[in-house]
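Q:
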Amino acid sequence: MNCRSEVLEVTVEARQVEEAMLALLHTILLHRSSGKFHYKKEGTYSIGTVGTLDIDCDFIDFTFVRVSSEELDRGIRRAVSEFKDALSISGSDGMGQISLEFYQKKKSRWPFSDECIPWEVWSIKVNVVNLANEQERQICREKVGEKLGEKVINVVEVINRHEYLPKMPTQSEVDNVFDTSLKDVQPYLYKITYQITDTLGTSVSTTMRRLIKDTLAL
Amino acid sequence: MDSGLSPQDKKDLDKFIKFFALKTVQVIVQARLGEKICTRSSSSPTGSDWFNLAIKDIPEVTHEAKKALAGQLPGIGRSMCVEISLKTSEGDSMELETWCLEMNEKCDKDIKVSYTVYNRLSVLLKSLLAITRVTPAYKLSRKQGHDYVILYRIYFGEVQLSGLGEGFQTVRVGVVGTPVGTITLSCAYRINLAFMSNRQFERSAPIMGIIVDHFVDPPCSSQRANMGHPCNYRAPDEEDGYAGVQDSQEVCTTSFSTSPPSQCVCTLSPSPSKLSKPLPLDSLPLPLAPGLVTHTLYASRLSYHHPAQAGAAELCHPAANQGLHAGKEHGGVVLVPQPPHGADAHLTVEHAANTPGSSGGDDGLTHSGERRRDEGRSVSPSDPVESLNAFTRKIGAFVNKSNTPITAASLDLPFAAFAPRGLDSEENDPMVQPPDSPPCPSPLQASLHSQGSDGSGQQDDFVMVDFRPAFSKDDLLPMDLGTFYREFQNPPQLASLSLHISSQSMADDLDSLPEKLAVYEKNIDEFDAFVDMLQ
Chain A
377 MNCRSEVLEV
387 TVEARQVEEA
397 MLALLHTILL
407 HRSSGKFHYK
417 KEGTYSIGTV
427 GTLDIDCDFI
437 DFTFVRVSSE
447 ELDRGIRRAV
457 SEFKDALSIS
467 GSDGMGQISL
477 EFYQKKKSRW
487 PFSDECIPWE
497 VWSIKVNVVN
507 LANEQERQIC
517 REKVGEKLGE
527 KVINVVEVIN
537 RHEYLPKMPT
547 QSEVDNVFDT
557 SLKDVQPYLY
567 KITYQITDTL
577 GTSVSTTMRR
587 LIKDTLAL
Chain B
12 MDSGLSPQDK
22 KDLDKFIKFF
32 ALKTVQVIVQ
42 ARLGEKICTR
52 SSSSPTGSDW
62 FNLAIKDIPE
72 VTHEAKKALA
82 GQLPGIGRSM
92 CVEISLKTSE
102 GDSMELETWC
112 LEMNEKCDKD
122 IKVSYTVYNR
132 LSVLLKSLLA
142 ITRVTPAYKL
152 SRKQGHDYVI
162 LYRIYFGEVQ
172 LSGLGEGFQT
182 VRVGVVGTPV
192 GTITLSCAYR
202 INLAFMSNRQ
212 FERSAPIMGI
222 IVDHFVDPPC
232 SSQRANMGHP
242 CNYRAPDEED
252 GYAGVQDSQE
262 VCTTSFSTSP
272 PSQCVCTLSP
282 SPSKLSKPLP
292 LDSLPLPLAP
302 GLVTHTLYAS
312 RLSYHHPAQA
322 GAAELCHPAA
332 NQGLHAGKEH
342 GGVVLVPQPP
352 HGADAHLTVE
362 HAANTPGSSG
372 GDDGLTHSGE
382 RRRDEGRSVS
392 PSDPVESLNA
402 FTRKIGAFVN
412 KSNTPITAAS
422 LDLPFAAFAP
432 RGLDSEENDP
442 MVQPPDSPPC
452 PSPLQASLHS
462 QGSDGSGQQD
472 DFVMVDFRPA
482 FSKDDLLPMD
492 LGTFYREFQN
502 PPQLASLSLH
512 ISSQSMADDL
522 DSLPEKLAVY
532 EKNIDEFDAF
542 VDMLQ
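Chains as they are written, first to last, in our numbering: chain A, 377 to 594; chain B, 12 to 546.
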């Protein structure tokens with residue numbers, strides 16, 4: 377199957393990286409999370425309710441909406457802060473990319489492990505800049521806020537094309553499509569990875585880690 | 012259209028669309044309350060959370076939305092619109108955005124109503140949640156409070172975007188195809204908020220010169236009956252006497268003129284036929300003539316209380332001012348506090364040279380001045396005092412003053428005879444130059460009148476004056492710079508540099524050379540001793 381791939385690019389100051397990433401990732405996940413499924417007999421199911429929360433950014437003139445789930449927020453924050461640390465280690469004018477991938481599991485027979493087939497990948501490219509004085513920082517605050525607004529509109533546009541989404545699974549298959557480990561919401565299975573490009577931009581630096589949300593490796 | 016749709020599906024679809032419309036309104040209004048929204052996720056479905064989203068229902072908002080819909084559903088040609096506007100504590104208001112829920116004819120027959128459409132509507136609501144935080148009005152609404160409030164208005168029917176000023180932008184939130192049509196949700200928002208941001212919280216320059224209502228008697232009781240009730244923060248229940256809400260043809264929008272920032276003249280231009288009654292006005296509520304539809308604006312900030320006012324304004328919406336609609340021009344019609352009085356209030360639409368002034372034409376005044384000059388006038392022959400007070404003429408900042416000032420005679424004003432006399436001399440017009448406002452409405456004017464330079468008496472009458480630069484007196488030399496300069500401009504040449512003398516001395520030098528050498532050789536010991544001493 378074809379995997380849909382979208383790329384977003386932002387240019388931010390070092391201290392804005394975390395909030396910018398959280399804003400975009402949470403916006404995407406808001407659209408890709410559903411309430412918890414409760415399967416009833418006869419193959420029907422009911423869906424729980426998803427709450428939302430407004431989050432103001434401290435370093436950017438921006439407010440975004442995220443799913444009201446602390447577990448989900450924790451998972452995203454962990455990934456973003458690793459990305460941020462890797463970026464700052466690489467140097468002040470670093471470039472990096474964080475990817476949010478939605479996938480489906482396909483069970484294979486033993487001895488082969490399960491396949492992860494992505495159906496949508498969002499890549500966010502980040503350019504980190506250094507600013508000289510407070511006035512520039514203030515302008516940057518507003519500009520980045522506007523840019524993030526545009527990115528949110530882009531995200532919404534893509535999602536509202538209503539292109540491929542995995543079929544709603546039966547009870548036995550639900551773990552192949554959704555992440556059912558959370559207590560209050562049920563996002564599609566996803567994983568977050570990142571890459572850092574060093575300042576020369578010519579080679580990819582060593583840090584390449586996989587953050588796997590589900591304990592699915594084995 | 013419904014041939015392929017089972018009755019149950021049709022019923023479900025109608026229900027979905029209805030609740031979707033109600034939830035859309037809730038999301039939009041709640042996003043403009045000025046507070047952060049927080050709702051909880053719940054893993055067990057409660058059955059009352061439509062589209063599996065926890066969106067609170069503010070009863071007043073639901074009530075308003077249901078009233079606007081009046082039992083109908085958004086359909087083809089029947090759009091549901093939520094208009095968000097800003098109103099300052101001085102009474103000026105400006106439309107910020109209009110959210111439109113529309114349906115077009117493109118049907119998707121194969122789609123499953125109960126499942127796919129429902130889920131897609133849910134995604135669309137989530138998108139709406141995200142987008143409402145992105146448009147410029149969000150930031151404004153978060154800062155509302157003492158200086159301004161954000162109001163909303165729900166209407167059903169045709170979409171009106173004329174009040175958004177020129178160059179407004181549109182963002183599409185999303186579309187959902189259904190077997191009866193495609194639902195589209197979009198937002199058109201004003202982008203030239205620069206006017207507001209420049210003077211958002213300014214107190215120094217009065218917005219409209221003298222506030223007109225100071226000189227006005229409170230409206231008499233007979234007029235009260237025709238007044239729209241003030242903008243209400245609670246559930247309104249006085250709306251009964253007014254024409255059906257569906258009649259959107261009689262809606263007029265209000266907005267600021269988007270000319271130079273110092274201006275904010277607002278004029279209402281009702282259609283001629285509706286001018287039978289005055290428009291009495293307190294500091295805020297704008298009463299309506301009968302026959303004009305009121306679409307009450309409700310403060311979206313439900314707990315907001317402005318102590319000084321009886322209530323916020325209610326905008327009256329006279330008949331379609333198609334000729335005025337902004338489109339490319341500056342924001343169409345603008346609102347001004349007008350004194351309540353018994354006479355007809357004829358209000359003009361200002362500026363825009365190519366505004367036909369059609370709707371206001373018969374009774375109102377046409378202004379064909381230059382674009383940047385906006386003029387709002389209320390002329391009531393029976394009440395010259397009112398006209399005097401109501402006349403506010405603003406000159407835009409940075410207007411090039413070289414243009415001849417517009418006199419009453421040059422204007423095509425039917426009631427020019429009643430115009431205030433002080434029209435010609437702008438310097439004396441207190442409204443143009445309020446005494447204590449720091450930025451002069453026309454800075455060029457100031458420079459034209461004053462001389463500017465304070466130097467050594469330079470006039471423009473070509474009088475020769477001795478140039479006396481500062482600090483030119485010199486105690487040592489009892490002469491001035493000019494004399495000094497002239498004297499020492501041509502000094503005599505150095506003797507050694509003059510030609511004929513040098514040639515002569517050259518020959519002498521050569522001749523005397525052997526003698527000098529003989530003397531030096533004789534004293535060679537002395538020279539050696541000297542050199543040794545130096546080392």
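No residue lacks a Cβ here, since even glycine has one placed at the ideal position from N, Cα and C.
Between the stretch 114-126 of chain B and the stretch 60-75 of chain B, do at least 3 Cβ pairs fall closer than 8 Å?
A: no
Q: Does the stretch 95-106 of chain B come close enough to the stretch 494-507 of chain A that 3 or more CB-CB pairs lie under 8 Å?
A: At 8 Å Cβ cutoff, the stretches do not touch.
Q: By Cβ distance below 7 Å, which residues in the same chain neighbour Gln469(B) in space, the five residues on each side in sequence not counted?
A: The residue labelled residue 469(B) in the question sits at position 458 within the second sequence. Unreliable placement is indicated for Gln469(B), whose pLDDT of 44 sits below 50; no coordinate value is reported for it.
Q: Roughly how many angstroms lie between the CA atoms of Glu394(A) and Lys460(A), to the nearest whole one?
A: Locating residue 394(A) in the first sequence gives position 18, counting from the first residue. Locating residue 460(A) in the first sequence gives position 84, counting from the first residue. Roughly 6 Å separates the two Cα atoms.
Q: Going by DSSP, what residue range makes up the alpha helix (DSSP H) through Gln514(A)?
A: Indexing the first sequence from 1 puts residue 514(A) at position 138. Element bounds for Gln514(A): 510-535.
Q: Report yes or no: is there a C-beta of chain A within less than 9 Å of the C-beta of Cys49(B)?
A: Position 38 of the second sequence holds residue 49(B). Cys49(B) counts as touching chain A.
Q: Does DSSP put Asn63(B) in a helix, in a strand, or in coil?
A: Locating residue 63(B) in the second sequence gives position 52, counting from the first residue. Correct three-state label for Asn63(B): helix.
Q: Which same chain residues, not among the five before or five after Ser115(B), have their C-beta less than 8 Å away from its C-beta?
A: Translated into positions along the second sequence, residue 115(B) becomes position 104. Here residue 115(B) turns out to be Asn, not Ser, going by the sequence shown. Same-chain partners within the cutoff: Ile87, Gly192, Thr193, Thr195.
Q: Go through the stretch 407-442 of chain A residue by residue and report every complete run of the beta strand (DSSP E) that reaches 3 residues or more, in order.
A: 409-411, 413-415, 421-423, 428-432
Q: Tell me which residues share the same chain as Leu140(B) and place their Cβ nearer than 7 Å to its Cβ, disregarding the 5 neighbours each side in the sequence.
A: Residue mapping note: residue 140(B) aligns to position 129 of the second sequence, counting from 1. Val38.
Q: Any Cβ of chain B within less than 9 Å of the Cβ of Thr425(A)?
A: Here residue 425(A) refers to the residue found at position 49 when the first sequence is read from its first residue. Closer than 9 Å: yes.
Q: Start and end of the beta strand (DSSP E) containing Leu182(B)?
A: Against the second sequence, residue 182(B) aligns to sequence position 171. According to the sequence as given, residue 182(B) is Val; it is not Leu. In this chain, the beta strand (DSSP E) harbouring Val182(B) covers 180-189.
Q: Leu405(A) and Ile476(A) - do their beta-carbons sit closer together than 9 Å?
A: On the first sequence, position 100 is the one that residue 476(A) refers to. On the first sequence, position 29 is the one that residue 405(A) refers to. Before going further, note that residue 476(A) is Leu rather than Ile in the sequence given. In contact: Leu476(A) and Leu405(A) (Cβ atoms closer than 9 Å).
Q: Comparing the C-beta of Leu384(A) with each C-beta of chain B, is any distance below 9 Å?
A: Translated into the one-based positions of the first sequence, residue 384(A) becomes position 8. Cβ-Cβ to chain B under 9 Å: no for Leu384(A).
Q: Would Ile28(B) be called buried (16 or more neighbouring beta carbons within 10 Å of its own) or exposed?
A: Locating residue 28(B) in the second sequence gives position 17, where the first residue counts as 1. Buried, by the Cβ-count rule.
Q: Can you pull the DSSP bridge partners for Val497(A)?
A: Position 121 of the first sequence holds residue 497(A). Answer is Ser381(A), Glu477(A).
Q: Go through its chain and collect everything with a Cβ distance to Phe538(B)'s Cβ below 6 Å, but skip five positions before and after it.
A: As a working note, residue 538(B) is residue 527 in the second sequence. Excluding sequence neighbours, Phe538(B) sits near nothing in its chain.
Q: Looking at the unbroken beta strand (DSSP E) that takes in Ala199(B), where does it start and where does it end?
A: The residue labelled residue 199(B) in the question sits at position 188 within the second sequence. Residues 192-200.
Q: Can you look up Met397(A) in the DSSP assignment and give me helix, strand or coil?
A: As a position in the first sequence, residue 397(A) is number 21, starting the count at 1. In the structure shown, Met397(A) sits in a helix (DSSP, three-state: H, G or I).
Q: To which residues does DSSP link Ser90(B) through a beta bridge?
A: In the second sequence, counting from the first residue as 1, residue 90(B) sits at position 79. BP columns for Ser90(B) point to Gly168(B).
Q: Mind checking who Phe554(A) pairs with in its DSSP beta bridge?
A: Residue numbering aside, residue 554(A) sits at position 178 when the first sequence is read from its first letter. Phe554(A) is bridged to Tyr564(A).
Q: Going by other Cβ atoms of all chains shown within 10 Å of its Cβ, with 16 needed for buried, is Gln504(B) buried or exposed?
A: Within the second sequence, residue 504(B) is the residue found at index 493, counting from 1. Exposed, by the Cβ-count rule.
Q: Between the alpha carbons of Arg380(A) and Lys527(A), how many angstroms are there, rounded?
A: Locating residue 380(A) in the first sequence gives position 4, where the first residue counts as 1. Locating residue 527(A) in the first sequence gives position 151, where the first residue counts as 1. Going from the Cα of Arg380(A) to the Cα of Lys527(A) covers about 17 Å.
Q: Whose C-beta lies closer than 7 Å to the C-beta of Lys559(A) among residues of the same chain, with five residues either side of it excluded?
A: Mapped onto the first sequence, residue 559(A) falls at position 183. For Lys559(A), where only same-chain residues beyond five positions count, the Cβ hits under 7 Å are Glu447.
Q: Can you round the beta-carbon distance between Gly472(A) and Ile572(A) to whole angstroms, since I take them to be within the 8 Å contact cut?
A: Here residue 472(A) is taken as the residue at index 96 of the first sequence, counted from 1. Here residue 572(A) is taken as the residue at index 196 of the first sequence, counted from 1. Confirmed, Cβ separation roughly 4 Å.
Q: Which residues mark the beginning and the end of the beta strand (DSSP E) in which Leu136(B) is found?
A: Start at 1 with the first residue of the second sequence, and residue 136(B) comes out as number 125. Unbroken run through Leu136(B) is the alpha helix (DSSP H), 129-143; no beta strand (DSSP E).
Q: Quick one, are the C-beta atoms of Val552(B) and Leu16(B) less than 9 Å apart?
A: Outside the displayed span of chain B (12 to 546) sits residue 552(B), for which this structure offers no information.
Q: Looking at the unbroken alpha helix (DSSP H) that takes in Ser457(A), where does it start and where does it end?
A: Numbered from 1 along the first sequence, position 81 holds the residue referred to as residue 457(A). 446-466 is the extent of the alpha helix (DSSP H) around Ser457(A).
Q: Within 10 Å of its beta-carbon, does Asn130(B) have 16 or more other beta-carbons around it, so buried, or fewer, so exposed?
A: Indexing the second sequence from 1 puts residue 130(B) at position 119. So Asn130(B) counts as buried.
Q: In this structure, how does DSSP classify Met105(B) when only helix, strand and coil are distinguished?
A: What you label residue 105(B) is simply residue 94 of the second sequence in a count that begins at 1. Here Met105(B) sits in strand by DSSP.
Q: Verify the CB distance criterion: does Ser138(B) have a CB-CB separation below 9 Å to chain A?
A: Counted from its first residue, the second sequence places residue 138(B) at position 127. By this cut-off, Ser138(B) is an interface position.
Q: Near Gly419(A), which residues of its chain fall below 7 Å by C-beta distance, leaving aside the five closest residues on each side in sequence?
A: Numbered from 1 along the first sequence, position 43 holds the residue referred to as residue 419(A). Closer than 7 Å at the Cβ level, and outside the excluded window around Gly419(A), lie Thr546.
Q: So Thr109(B) and Leu151(B) are in contact, right, with Cβ under 8 Å, and what is the actual spacing, rounded?
A: Locating residue 109(B) in the second sequence gives position 98, where the first residue counts as 1. Locating residue 151(B) in the second sequence gives position 140, where the first residue counts as 1. That belief does not hold up - the Cβ atoms of Thr109(B) and Leu151(B) are roughly 15 Å apart, past 8 Å.
Q: Under the three-state reduction of DSSP, which class applies to Gly45(B): helix, strand or coil?
A: The sequence position of residue 45(B) within the second sequence is 34, counting from 1. Of the three classes helix, strand and coil, the one that applies to Gly45(B) here is coil, per DSSP.
Q: Which chain B residues are close to Gly525(A), counting only those with a beta carbon under 7 Å from its beta carbon?
A: Mapped onto the first sequence, residue 525(A) falls at position 149. Near Gly525(A) (Cβ distances below 7 Å), the residues of chain B are Val145.
Q: Against chain A, which members of the stretch 103-137 of chain B pass a CB distance test of less than 9 Å?
A: Tyr126, Thr127, Asn130, Arg131, Ser133, Val134, Leu135, Lys137
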